[in-house]
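Have a look at the structure below, then the notes.
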Amino acid sequence: MFRQDRTNPSTAISNWRGRHDTPKAWPSSAVSTWLNGGLFGGGAAGGALCMGGSAVSGRTTQVDKFIFPSNVRSTLVTVLPAGTEEAGGMANALVAAYNLGGNDGSNVSTVYKILFVDESLSTLGTGLSSARAGLSGFANAAVAGYAAGGWATTVDKFAFPSDSRSTLGTGLPGSISSAAAFANSGTAGYYAGGYISASTNPIYKFAFSDDSRTTLSATLSSLRTALAGFANSGTAGYAAGGRISYSFATTVDKIAFSDDSLSTLGTGLTAGKYAASGFANTGTAGYAAGGDLSGYVRNDTVDTFAFPSDSRSLLAEGLSVAVRYAASGANELSIP
């Protein structure tokens with residue numbers, strides 16, 4: 007039996023409610039994350055972190071947090087050690103968000119990790135295999151996270167929970183930057199569009215069983231770079247906005263995980279967006295935050311798409327500062 011008195015010594019017996027099976031339902035969490043309400047509420051509520059990015063005043067260290075499902079925004083006391091843009095973002099749901107590489111004046115290999123339970127920040131000893139910006143991140147919940155591209159063919163893999171790093175033998179077929187990335191947790195990660203020598207539209211799929219890479223027969227509906235990616239895990243992934251030549255797209259493409267077919271939403275974004283940050287709460291909604299509007303004007307708004315209807319609305323409260331190229335990672339409430 008799970009002894010709550012040993013992990014929550016300050017709680018009253020009347021509050022224990024027979025949670026003896028809790029460790030079986032949260033296999034990726036350490037006992038330390040169960041303390042003081044971190045598992046049962048209070049400490050690690052579902053939500054997403056938007057980290058860093060480029061503001062009008064320059065690269066920022068800020069970290070904004072959107073609580074699920076209310077979408078109330080706060081700004082963390084924790085900040086990145088250096089203002090960083092064009093980093094990749096990923097998350098080990100229930101555990102931590104990661105800010106992968108990016109540019110803080112020059113390209114870096116640094117990986118920052120922010121714990122969901124107490125919002126503390128640490129720097130991984132491993133880091134990326136090379137310094138690069140323009141990365142895209144995705145994750146197989148509780149198993150591993152991936153840092154892909156960044157003007158490189160490289161795909162680095164971080165095993166959870168140790169954060170040990172390896173580099174895939176497959177990688178990308180070209181030195182790609184600023185693609186949309188998302189994952190069908192337990193099955194595969196996707197890397198869509200981006201920039202090589204021009205904006206591109208292929209969609210690459212990495213099977214989590216063996217990290218093999220294939221190219222989907224479906225392609226994005228247009229050649230786009232600097233897209234936002236998010237997923238309703240178990241159902242579909244989304245590639246939102248981005249730049250088409252010198253114009254910014256409102257387009258949102260949807261890739262069905264059942265057969266990897268592509269459709270384009272009738273709604274689209276509220277305005278053409280470039281370099282927005284994407285994140286999702288599986289089963290509830292996907293988000294495209296910040297970015298540039300036409301004329302490279304920084305933007306703080308957050309478009310949200312309700313699952314499964316894909317109806318679009320605009321959050322009443324956007325980012326605390328208008329930024330583009332922020333990294334994001336979500337502590338999702340439900341992952342298949």
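For what it's worth, the working numbering labels the leading residue of the sequence shown as 7, then goes sequentially.
Even glycine gets a Cβ: it sits at the ideal position worked out from N, Cα and C.
**Report entry** Supposed contact pair asparagine 113 and alanine 137 - C-beta distance, whole angstroms, cut 8 Å
**Finding:** Position 131 of the sequence shown holds residue 137. Position 107 of the sequence shown holds residue 113. So it is a contact: roughly 4 Å between Cβ atoms.
Query raised in the report: Under a CB-based cut-off of 7 Å, is threonine 116 close to chain D?
Result: The structure shown contains no chain D, having only a single protein chain.
Report task. List in chain order: all unbroken alpha helix (DSSP H) runs of 4+ residues lying wholly within the region 301 to 333. Result -> none
Requested in this report: Starting from the Cα of leucine 82, find the closest Cα among Gly243, Asp70, Glu91 and give me that residue.
Outcome: Numbered from 1 along the sequence shown, position 76 holds the residue referred to as residue 82. Out of Gly243, Asp70, Glu91, Asp70 has the C-alpha closest to the C-alpha of leucine 82.
Query raised in the report: When the distance is taken between beta carbons, is valine 329 closer than 7 Å to glycine 59?
Result: By one-based count along the sequence shown, residue 59 stands at place 53. By one-based count along the sequence shown, residue 329 stands at place 323. Closer than 7 Å, so yes.
Query - Distance, aspartate 265 Cα to glycine 240 Cα - result: As a working note, residue 240 is residue 234 in the sequence shown. As a working note, residue 265 is residue 259 in the sequence shown. So the alpha carbons of these two residues sit roughly 12 Å apart.
Query raised in the report: If we ignore side chains and look at the alpha-carbon of each, how far apart do glycine 248 and glycine 133 end up?
Result: Counting from one through the sequence shown, the residue named residue 248 turns up at place 242. Counting from one through the sequence shown, the residue named residue 133 turns up at place 127. Roughly 28 Å between the two C-alpha positions.
Query - Cut-off 7 Å between Cβ atoms - residues of its own chain near serine 184, not counting five sequence neighbours on either side - result: Residue numbering aside, residue 184 sits at position 178 when the sequence shown is read from its first letter. Gly140, Gly200, Tyr201, Thr231, Ala232.
Query raised in the report: Short check: CB of alanine 4 to CB of phenylalanine 122, under 7 Å?
Result: The requested residue 4 is not part of the displayed model; the chain covers only 7 to 342.
Query raised in the report: Which residues in the same chain as glycine 24 place their Cβ atom closer than 7 Å to its Cβ, once the five residues preceding and following it in sequence are excluded?
Result: The residue given as residue 24 occupies position 18 in the sequence shown. In this predicted model, glycine 24 has a pLDDT of only 38, less than 50, meaning its place in the structure is not dependable; the value taken from the coordinates is given anyway. Counting only Cβ-Cβ distances below 7 Å, and skipping sequence neighbours, we find nothing.
Requested in this report: Using three-state DSSP, classify serine 283 as helix, strand or coil.
Outcome: Residue numbering aside, residue 283 sits at position 277 when the sequence shown is read from its first letter. The answer is strand: DSSP assigns serine 283 an E or B state.
Query raised in the report: Starting from serine 172 and walking both ways along the beta strand (DSSP E), at which residues does that stretch end?
Result: Stepping through the sequence shown from its first residue, residue 172 is reached at position 166. It spans 170 to 173 - the beta strand (DSSP E) in which serine 172 sits, taken as one unbroken run.
**Report entry** With 16 other Cβ atoms within 10 Å as the buried cut-off, status of valine 78
**Finding:** Locating residue 78 in the sequence shown gives position 72, counting from the first residue. Valine 78 should be labelled exposed.
Query raised in the report: Any chance the region 316 to 335 sits against the region 284 to 297, with 3 or more Cβ pairs inside 8 Å?
Result: yes
Report task. Quick one: residues in its chain with C-beta nearer than 6 Å to the C-beta of isoleucine 341, no 5 flanking neighbours on either side, listed in chain order? Result -> The sequence position of residue 341 within the sequence shown is 335, counting from 1. Hits under 6 Å: Ala99, Ala147, Ser191, Ser239, Thr288.
Query raised in the report: If you compare alpha carbons, which of Ser253, Val258, Phe212, Tyr152 is closest to serine 227?
Result: Here residue 227 is taken as the residue at index 221 of the sequence shown, counted from 1. When only C-alpha atoms are compared, the closest one is Val258.
Query raised in the report: Of the residues Ser300, Asp124, Thr129, Arg65, which one's Cα is nearest the Cα of asparagine 337?
Result: Your numbering for residue 337 matches position 331 in the sequence shown. Nearest of Ser300, Asp124, Thr129, Arg65 to asparagine 337, Cα basis: Asp124.
**Report entry** Spatial distance of tyrosine 331 from glutamate 91 (CA atoms)
**Finding:** Counting from one through the sequence shown, the residue named residue 331 turns up at place 325. Counting from one through the sequence shown, the residue named residue 91 turns up at place 85. Their Cα atoms are separated by approximately 5 Å.
Report task. Could you name the residues that DSSP lists as bridge partners for tyrosine 246? Result -> Your numbering for residue 246 matches position 240 in the sequence shown. The sequence shown places alanine at residue 246, rather than the tyrosine named in the question. In the DSSP output, where bridge partners are listed per residue, alanine 246 has Ala234, Val258.
Query raised in the report: With distances taken between CB atoms, is the gap from alanine 186 to alanine 194 smaller than 7 Å?
Result: Residue numbering aside, residue 186 sits at position 180 when the sequence shown is read from its first letter. Residue numbering aside, residue 194 sits at position 188 when the sequence shown is read from its first letter. Contact flag unset, no.
Query raised in the report: Is the distance from the Cβ of alanine 105 to the Cβ of alanine 281 below 7 Å?
Result: Locating residue 105 in the sequence shown gives position 99, where the first residue counts as 1. Locating residue 281 in the sequence shown gives position 275, where the first residue counts as 1. The amino acid occupying residue 105 in the given sequence is asparagine; alanine does not appear at that position. Not a contact, by the Cβ cut-off of 7 Å.
Query raised in the report: Among residues of its own chain, excluding the 5 on either side of tyrosine 210, which ones have a beta-carbon nearer than 8 Å to its beta-carbon?
Result: Translated into positions along the sequence shown, residue 210 becomes position 204. So the list reads Leu178, Pro179, Tyr196, Tyr197, Ala198, Arg219, Thr220, Thr221, Leu222, once near-sequence residues are dropped.
Query raised in the report: With distances taken between CB atoms, is the gap from aspartate 306 to leucine 325 smaller than 7 Å?
Result: Residue 306 sits at position 300 when you count from the first residue of the sequence shown. Residue 325 sits at position 319 when you count from the first residue of the sequence shown. Cβ atoms of aspartate 306 and leucine 325: closer than 7 Å.
Query - tyrosine 252 in three-state terms, based on DSSP - result: As a working mapping, residue 252 is identified with position 246 in the sequence shown. Tyrosine 252: coil per DSSP, three-state reduction.
Query - Residues near valine 308 by beta carbon distance below 6 Å, same chain, minus five either side - result: In the sequence shown, the residue the question calls residue 308 occupies position 302. Tyr293, Ala295, Leu321, Gly324.
Query raised in the report: What span of residues does the beta strand (DSSP E) with arginine 79 cover, start to end?
Result: Here residue 79 is taken as the residue at index 73 of the sequence shown, counted from 1. 79 to 81 is the extent of the beta strand (DSSP E) around arginine 79.
Query raised in the report: Nearest CA to the CA of alanine 204: which residue from Leu174, Tyr252, Asp216, Phe212?
Result: Locating residue 204 in the sequence shown gives position 198, where the first residue counts as 1. If we check each option's Cα against that of alanine 204, Tyr252 comes out closest.
Requested in this report: Please say whether glycine 278 and phenylalanine 254 have beta carbons closer to each other than 7 Å?
Outcome: In the sequence shown, the residue the question calls residue 254 occupies position 248. In the sequence shown, the residue the question calls residue 278 occupies position 272. Yes; because the gap between Cβ atoms is below 7 Å, this pair is in contact.
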